[in-house]
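Asker: The structure that follows is given in the form of structure tokens.
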Amino acid sequence: MKLKELLKPLAAAAVLTSSVAAVNAQTAGSSTDTGRVEEVVVTALGIKKQQRALGYAVQSVKGKELVGSGEQNVVQALSSKVAGALVTSSSGTPGASSRILLRGAATFTGNNQPLFVVDGVPIDNSTDQSTAGDYPFNSNLQGVNNSNRAVDINPDDIENITVLKGPAAASLYGVRGANGAIIITTKRGQKGGKRFSAEFSSTMDWSKVNKLPERQFVYGQGLGGGGQRIDSAGVRKNFTGTIPAGWTLVDAGTSATTPNSWGPKIADGKSFDNAGNFFKTAMSMTNNLGVTVNGDNTSARFSVGNTQQDGIVPNTSFKRTTIRVNTDSRVTDKLSVGSSVNLINSGGTRAQNGSNLSGVMLGLMRAPADFNLAGGAGADGYTNSDGTQYQYFPIYDNPYWTVYRNPFTDDVNRIIGNLNAQYKANDWLSINYRVGTDQYTDSRQQIFAVGSWQPDNSPGGEISQNVLRYKEIYSDLVLNANRKVNEDLSVNMTLGNNLNTRTSSDQYLRGRDLAVPNFYNLSNASNLYASQGSGTIKNAAIFGSAEFSFKNFLYLNASGRNEWASTFGNKKSSFFYPSLSGSVVFSELMEKGGLISFGKMRVAYAQAGINPPAYATRTYYGQPLFTDGFTGGLGFPYLGQNGFGQSNGLGNQGLMPERRTSKEIGFDVRMFDSRLTIDLTLYEQKSTDLLVSMPLAASSGYSSVRQNSGTMTNKGIELMLGVTAIKNKNLTWEIAGNFGLNRNEVLSLAPGVDEINIEAAFSSIGSYAIVGQSYGSMYGSRVLRHSDGSMIIGANGLPVLNNTRGNIGNPYPDWIGALRNTLNVKGLNITALIDVRKGGDIWCGTYARLSQYGITAPAADRSETYTIEGKRITSGTPKYDSKTGLITNEGELTFAENTRQISAFNYYRSYLGDGPGSSAEMAVYDGSWVRLRELGVSYRINMKGNKNLSYIDLGVVGRNLWLSTKYPGVDPETSLTGASSNIGGFDYFNNPGLKSFMFNIKLGI
Amino acid sequence: MKKLFAILLGTAVLFTSCKKWVSGHEVSPNAPGEANPALLNSACQLAIFATYGGSLSRTTSMWTQHSEGVSNQSLDQGAYIIDEGDVENEWGVIYQGGLKNMRLLEKTAGDGNPAYQGMAKVMTAMMLGAATDMWGDIPWTEALDGEAGNYSAKYDSQESIIAAMQTMLDDAVVLLDKPDNALAPGSDDFIYGGDAGKWKALAYAIKARYAMRISNRDANWHTKALDYVAKAKAAGFTSSAADANCIFGTNANEYNQWYAFTQVERTGYMLAGAKLVDIMNSINDPRIGFYFTTNDSGQYKGAALGSQAVKNISDFGSYFASQKSVTPLATYVELLFIEAEAQFAAGNKAAAATAHNDAIKAHVGLVTGSAAPAAYVSSQASETAGSITLDKILTHKYVSGFSMIEPYNDWRRTGVPSLSPSPLALITGIARRYPYSLDERLYNTKFPGAIGVNDLADKKVWWDSK
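Right, here's the structure in full:
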């Protein structure tokens, strides 16, 4: 095939129908084997390229596959469909954010997620917590499960997604593409397509909680102490064995002032499954209508979609309505124009999450089994007869109270659109111009009823309003010249300019101490507070690339980009970065009809530069807030006075761009007439001059300084495998697998610094970058260990703590993989997607706290004594290393195996739990899983001969129907901090995950 | 060639316009680049309130058994289980919030505003005092230099820190005596409303406190302490009206931190400690109803050490734990107790007894709002040269010092009252210091070496031993 012919479908803006990666082989038989080899993919700036010409890895996912997952969040829908892409949902509550990482985390304290691009225009995919200016802590640790803004994209509008995994996208999209890009192409009309077609689909979805920590229902509220319990006659009985030294008997019996479930045995029939009663089956409904009209010179697609999701947590929901109009017109033979307009309204009522006195899971899981959360004397069950909140412990909100009285609502109005024009000056030169925008207003309201506990220091009720605004204007101008030098050699040159401006603002208003209960207007508050923030970032760039293709078998591409950014100080304002890639289609050298039907090797080198965040060049003043971490602290305005202190973050005028250099080599081999496809990529990416908010010792007067510091690498393997096991007229069986392995290593931080905190977290555990370790390592208190690795046990029978904290876990998995089997029997399509995650630690703060309180199922075993395996120091005084905390004089000490028995109370409370003397290390669990992520059956009824209807699709899908994991908490696909944070692997009363069942019907005209 | 020229020209234009496109957005619209002395002063004072009225005072009150940690993190803290990661907030408030802004206040105020400069020095001494009392050797001479790119500061000996504080307070007195101020402190001074004379008295009171603090190291401490007490009194520290207190308010961000912790945000974590309640019960102390609430049986009962008892235990009362309750920083009562101890050490027992008796009467009057009952005065505040003992002075100072860090310092220095360690302790003995902060170990290249959770009973601060 000649190049010109090949370009024809590109110029005609052919809609992609075939999948690129073998992993996507969900539907059989639509593309021919040769067709696959000639596939084109949409790359950056919407430029469609022959896949064979690409020197870097791309993977495509069809819209159909996204819809098939039943996920309404496009990020979550990508889960286990892209080799190496690590997708983590924050929880199963409606609209909750999902985070995606391609090829690991590449920067310490900046953004690590890829850029999202819709029809050539970048869109915002941020996840924002509503945070008052006087909130002293990391708001990601609590609050509600907010959405990542890509949730606004209706998966039903998506034709195809191309995932650019490395920084290949950066030469065209600039800094924001440095972590890769998710290029979304929406469905459009098609010249020459069916004149009128329409599709209507309707989906019903039922979801339930898929996993909760297992709890005991034997012992009730109280603090019997020492593993002692009261028998039926009311006599306090000792467990057998030695009573631990120093343990004294304390008051037992129920007490409204303890959250513990170490109380007396619950009488038969008097225990309550609060969690079972609380969570409900959530029902969701999604309807989509798409109409496509294709004329001679103009085509258009119009769609409207609506989804209404209810949550498993009562009174939570997420709703989204989208309208999209895509048009394409050929004005003259040379000029064609196109447009996309997408209007979105989304939002809902969110569930309180995490380290939050109103947190649904916090109040629910900690509830003693003898306390019925719905058993209050008030009419609604969660209040007392006087209308006050019905609680088992003063400061934990009853979860029913929280969901009905403390709603958080958000309402997003958004417009995403672009206009583009293409002028083909002649047969080799074309000019493209595109201008687009993404704008939204996110209006949020949080209510805390009078008598709630969450506005930590204000039981007088609260109403707060938060308005987030975002606006991006984006444009690119691209000249493209395509010349054939001779029969064998073609050159494609691109020169472009790219401008964008992004403005965001955040307005927060809060009223506290409400005079009239249940009246929620700021006028009702006697205590008002407001804070605001805004920012503008501008980027501009010129870029160019040259692509050479030789004999349709050797391809070479070189590109460069010079970028300017508004965020630099006086040292720098622009920076340059190049890329180079090539591919060899070695199968062209082979005889046709051999074992290998297609074979390609690709090599790429790419660099990306990243500009500093806004306003990082100077040190400012602001209203300080002082807290010890236990109270909301002291802040301004204070007693009618304002106060300013110098910020704890130091600015830096000398900031330079962060650099990311990536090398990759890949093979794309198809054998046995393309019935076996293998796509393998090996990559190595190195980040240097990292733009980091480098923590400082407080004695410097500051907590951090912005600087370029440190290096980090990601090395990994991405593998996609496709097998067409059976293919005949009646039956096809396709197997598609993907596998991703990434090893991250922090190589250096700053002179003399080996460990840095990447984001403020809990006082008991943090997320760190440690030289020689993986980024995001969990950092917390740990057990003192002997040089042989065994634990040192103290006189009280519990492990001794190490003097220093250290690395106690890596939240990133060893590898992830997925395997899809698809059977097509005479139009009946059965597909099953198994998803595996190996490794990846999770700090289960939930389980540790429930152990402390005697609530976990094993803690019901209270008559046992426990002996922790380890060594006791029987003589000598240990000395500790001042850095590692390890014993330096082991030779001078004598050790003996620990034989000290301890009570169940001490065992669960302080060994497995987070009680006195416990270490965070014990709460870190392996988050590995195997799950049946999707199981789907669908059938198409072709309505041949029917004038009004051309087909009916019927489908059922089960999601997460089966999960196997040793993790003791909720579904280990969870993240306390959601998509807005670089912290991974924290679970502290996170809302649970889901298993779902959906029924889908689709009518095609 | 023409084409090439056109391309080059176009490129040059693009370069210029790209640069122009991105310029003009480098300064934040959200925060100012400077602040005036009044604004800085308010911030510095709030840092003092957070340090003296926040978790240091609560944790040390558990260690002196004024209160008892009965659940959650308070249980750990009460059992001396505090590691390097648990003290970063307190450490940060002292250096980043307090000392840095105090230095900026002194600099911003300039020589034209000696009152602000003097106040900054007094506050700096107080901040350093709180830090060195808890942490021993701390960074100072090289500290706070981050803006100049010096991120690591060496640790100075406690002895040198306390000496520097004394010099600083002398300098403060000179500054506070100067009359001419371009900018007069006023309502931005929560503690004294801008009264430089009161700050001068406070400077002497702090000098007296730290003269006494090194009693194990300085045989002549009492002479100095008595001199400073006399100067404090001469400067106006003659009644509780001159007390320096943390001032709080009725908005959530202004709450007394004992109230915020024990009554609002962390209810049930800490309750009354048996040691203090038992002492007060035994002497029928009229202040007890102001310190604590009664339990269900109408009695005052403290939680026994390590008992984790929550049932029928007294909670904190309104005097120290309501929204606007003050938390004392340095008081007339404390000054009298310093005088009593110093006179006792000097061998002037009659003067010691007088100061002791006056201190008790002043505190009962302050707390209860009325004069101490005659019976109480006769049993507790009628000591004579013959009856006064160091134990009595320090025990009453212990009772009156509730909610302050000072009783913990006194206990370490003198061992009064006698306390036994919590049975929940993992270390052998009561903690005698805080562990060094994690951020220092990780980011200060001059960090001298970890002092951690296992070292708290053994690695005493310098003044804690002879």
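Taken in sequence, the protein lines are chains A and B. Under numbering that gives the first Met the number 0, read the first sequence as residues 0 to 1004, first letter to last. Under numbering that gives the first Met the number 0, read the second sequence as residues 0 to 465, first letter to last. Using N, Cα and C, we set each Cβ at its ideal position, and we do this for glycine too.
(1) So what's residue 265 of chain B in DSSP terms, helix, strand or just coil?
(2) Taking a cut of 9 Å between CB atoms, which residues from the stretch 691 to 703 of chain A lie near chain B?
(3) Restricting to Cα atoms, I'd like to know which of B:286, B:55, B:91 is closest to residue 369 of chain B.
(4) For the alpha helix (DSSP H) that contains residue 393 of chain B, what are its first and last residues?
(5) Can you find a CB in chain B that lies within less than 8 Å of the CB of residue 1031 of chain A?
(6) So, at 7 Å on beta carbons, what are the nonlocal neighbours of residue 942 of chain A in its own chain, with the 5 sequence-adjacent residues on each side left out?
(7) Just to confirm the assignment: which complete alpha helix (DSSP H) runs, minimum length 4, are found wholly within the stretch 63 to 139 of chain A?
(8) Would you kindly report the start and end of the unbroken beta strand (DSSP E) that includes residue 318 of chain B?
(9) Can you check DSSP and say which residues form a bridge with residue 1005 of chain A?
(10) Report yes or no: is there a C-beta of chain B within less than 8 Å of the C-beta of residue 998 of chain A?
(11) Within 10 angstroms of its Cβ, does residue 281 of chain B collect 16 or more other Cβ (buried), or is it exposed?
(12) Could you check what DSSP says for residue 542 of chain A in three-state terms: helix, strand or coil?
(13) By a C-beta neighbour count over all protein chains shown, 10 Å radius and 16 as the cutoff for buried, is residue 218 of chain B buried or exposed?
(14) In chain D, which residues lie less than 8 Å from residue 646 of chain A when you measure between Cβ atoms?
(15) Run through DSSP, which three-state label would residue 682 of chain A get?
(16) What in chain B is Cβ-close to residue 793 of chain A, meaning under 7 Å?
(17) Say whether the stretch 73 to 92 of chain A touches the stretch 148 to 165 of chain A, bearing in mind that this needs 3 or more beta-carbon pairs closer than 8 Å, one atom from each stretch.
(18) Counting C-beta neighbours from all protein chains within 10 Å, is the total for residue 601 of chain A 16 or more, i.e. buried, or is it exposed?
(19) Strictly under 8 Å for the Cβ-Cβ distance: is residue 208 of chain A near chain B by that measure?
(20) Under 8 Å Cβ to Cβ from residue 424 of chain A, same chain only, skipping five residues before and after it: list those, please.
(21) Out of A:735, A:157, A:713, which has the shortest C-alpha to C-alpha gap to residue 723 of chain A?
(22) Just the Cα atoms here: how many angstroms apart are residue 782 of chain A and residue 451 of chain B?
(23) According to a CB-to-CB cut-off of less than 8 Å, which residues of the stretch 287 to 315 of chain B neighbour chain A?
(24) For a test of the three-state rule: what should DSSP assign to residue 309 of chain A, helix, strand or coil?
(25) Taking 8 Å as the threshold (C-beta atoms), are residue 396 of chain B and residue 382 of chain B in contact?
(26) Can you list, in chain order, the residues of its chain whose CB lies under 6 Å from that of residue 281 of chain A, leaving out five sequence neighbours each side?
(27) Please decide whether residue 233 of chain A counts as near chain B, where near means a Cβ-Cβ distance under 8 Å.
(28) Identify every residue that forms a DSSP beta bridge with residue 713 of chain A.
(29) Name, please, each residue of chain A whose Cβ falls closer than 9 Å to the Cβ of residue 192 of chain B.
(30) What residues from chain B crowd round residue 762 of chain A, counting only those whose CB sits closer than 7 Å?
(31) Which value, in whole angstroms, describes the spacing of the CA atoms of residue 293 of chain A and residue 586 of chain A?
(32) By how many angstroms is the C-alpha of residue 480 of chain A removed from the C-alpha of residue 595 of chain A?
(33) Are the C-beta of residue 640 of chain A and some C-beta of chain B separated by less than 8 Å?
(34) Here's a check: name, in chain order, each residue in its chain whose Cβ is nearer than 8 Å to the Cβ of residue 303 of chain B, leaving out the five neighbours to either side.
(35) When the Cβ atoms of the stretch 804 to 814 of chain A are set against those of the stretch 837 to 849 of chain A, are three or more pairs found closer than 8 Å?
(36) Which full runs of the beta strand (DSSP E) of 3+ residues lie inside the stretch 144 to 217 of chain A, going along the chain?
Answerer: Result, derived from the coordinates:
(1) The sequence position of residue 265 of chain B within the second sequence is 266, counting from 1. Residue 265 of chain B falls in the coil class under three-state DSSP.
(2) Result list: 693, 694, 695, 696, 697, 698, 699, 700, 701, 702.
(3) As a working mapping, residue 369 of chain B is identified with position 370 in the second sequence. Answer by Cα proximity: B:286.
(4) Working through the second sequence from its first residue, we reach residue 393 of chain B at position 394. For residue 393 of chain B, the enclosing alpha helix (DSSP H) covers residues 389 to 399.
(5) Any question about residue 1031 of chain A goes unanswered here, given that chain A covers just 0 to 1004.
(6) Residue numbering aside, residue 942 of chain A sits at position 943 when the first sequence is read from its first letter. Taken in chain order, the residues that qualify are 948, 949, 950, 951.
(7) Listed in chain order, the complete alpha helix (DSSP H) runs (minimum 4 residues) inside the stretch 63 to 139 of chain A are 73 to 76.
(8) As a working note, residue 318 of chain B is residue 319 in the second sequence. Going by DSSP, residue 318 of chain B is part of no beta strand (DSSP E) at all; its letter is neither H nor E.
(9) A question about residue 1005 of chain A goes unanswered here, because the residues of chain A that appear run from 0 up to 1004.
(10) Along the first sequence, read from residue 1 onward, the residue named residue 998 of chain A stands at position 999. Between residue 998 of chain A and chain B, the shortest Cβ-Cβ separation is not below 8 Å.
(11) Along the second sequence, read from residue 1 onward, the residue named residue 281 of chain B stands at position 282. Answer is exposed; the Cβ neighbour count stays below 16.
(12) Looking up residue 542 of chain A in the first sequence gives position 543. Three-state DSSP puts residue 542 of chain A in a strand.
(13) As a position in the second sequence, residue 218 of chain B is number 219, starting the count at 1. Under this definition residue 218 of chain B is an exposed residue.
(14) Protein chains A and B are contained in the structure displayed, whereas chain D is not.
(15) Mapped onto the first sequence, residue 682 of chain A falls at position 683. Looking at residue 682 of chain A - three-state DSSP - the assignment turns out to be strand.
(16) Taking the first residue of the first sequence as position 1, residue 793 of chain A is located at position 794. Within 7 Å Cβ-Cβ: 425.
(17) The answer is yes - the stretch 148 to 165 of chain A touches the stretch 73 to 92 of chain A, with three or more Cβ pairs under 8 Å.
(18) Here residue 601 of chain A refers to the residue found at position 602 of the first sequence. Result: buried.
(19) Residue 208 of chain A sits at position 209 when you count from the first residue of the first sequence. Not an interface residue.
(20) Within the first sequence, residue 424 of chain A is the residue found at index 425, counting from 1. Close CB contacts of residue 424 of chain A within its chain, under the 8 Å cut and outside five residues either way in sequence, are with 333, 430 (chain order).
(21) The count along the first sequence starts at 1 and reaches residue 723 of chain A at position 724. When each option's Cα is compared against that of residue 723 of chain A, the closest is A:735.
(22) As a working note, residue 782 of chain A is residue 783 in the first sequence. As a working note, residue 451 of chain B is residue 452 in the second sequence. If you take the alpha carbons of residue 782 of chain A and residue 451 of chain B, they lie about 13 Å apart.
(23) Within the stretch 287 to 315 of chain B, the qualifying residues are 303, 305, 306, 307, 308, 309, 310, 311.
(24) On the first sequence, position 310 is the one that residue 309 of chain A refers to. Looking at residue 309 of chain A - three-state DSSP - the assignment turns out to be strand.
(25) By 1-based counting over the second sequence, the position of residue 382 of chain B is 383. By 1-based counting over the second sequence, the position of residue 396 of chain B is 397. Between residue 382 of chain B and residue 396 of chain B, the gap from beta carbon to beta carbon reaches 8 Å or more.
(26) One-based indexing of the first sequence puts residue 281 of chain A at position 282. So the qualifying residues of the chain are 206, 309, 310, 311.
(27) The residue labelled residue 233 of chain A in the question sits at position 234 within the first sequence. Below a pLDDT of 50, predicted positions are generally treated as unreliable, and residue 233 of chain A, at 33, falls in that range; no measurement from the model is reported.
(28) Numbered from 1 along the first sequence, position 714 holds the residue referred to as residue 713 of chain A. A:684, A:743, per the DSSP bridge assignment.
(29) In the second sequence, residue 192 of chain B corresponds to position 193, counting from 1. By Cβ distance, chain A contributes nothing, its closest Cβ being about 11 Å from residue 192 of chain B, past 9 Å.
(30) Working through the first sequence from its first residue, we reach residue 762 of chain A at position 763. Going along chain B in sequence order, the residues near residue 762 of chain A (Cβ under 7 Å) are 84, 85.
(31) If you number the first sequence from 1, residue 293 of chain A lands on position 294. If you number the first sequence from 1, residue 586 of chain A lands on position 587. A direct Cα-Cα distance of roughly 39 Å separates residue 293 of chain A from residue 586 of chain A.
(32) Walking along the first sequence from the start, residue 595 of chain A turns up at place 596. Walking along the first sequence from the start, residue 480 of chain A turns up at place 481. Within the model, the alpha-carbon separation for residue 595 of chain A versus residue 480 of chain A is close to 34 Å.
(33) For this step, residue 640 of chain A is matched to residue 641 along the first sequence. With 8 Å as the cut-off, residue 640 of chain A counts as an interface residue toward chain B.
(34) As a first step, residue 303 of chain B must be located in the second sequence, where it is residue number 304. Taken in chain order, the residues that qualify are 67, 273.
(35) Contact between the stretch 804 to 814 of chain A and the stretch 837 to 849 of chain A is present, because at least three Cβ pairs lie under 8 Å.
(36) Fully enclosed beta strand (DSSP E) runs of 3 or longer: 157 to 163, 180 to 185, 195 to 208.
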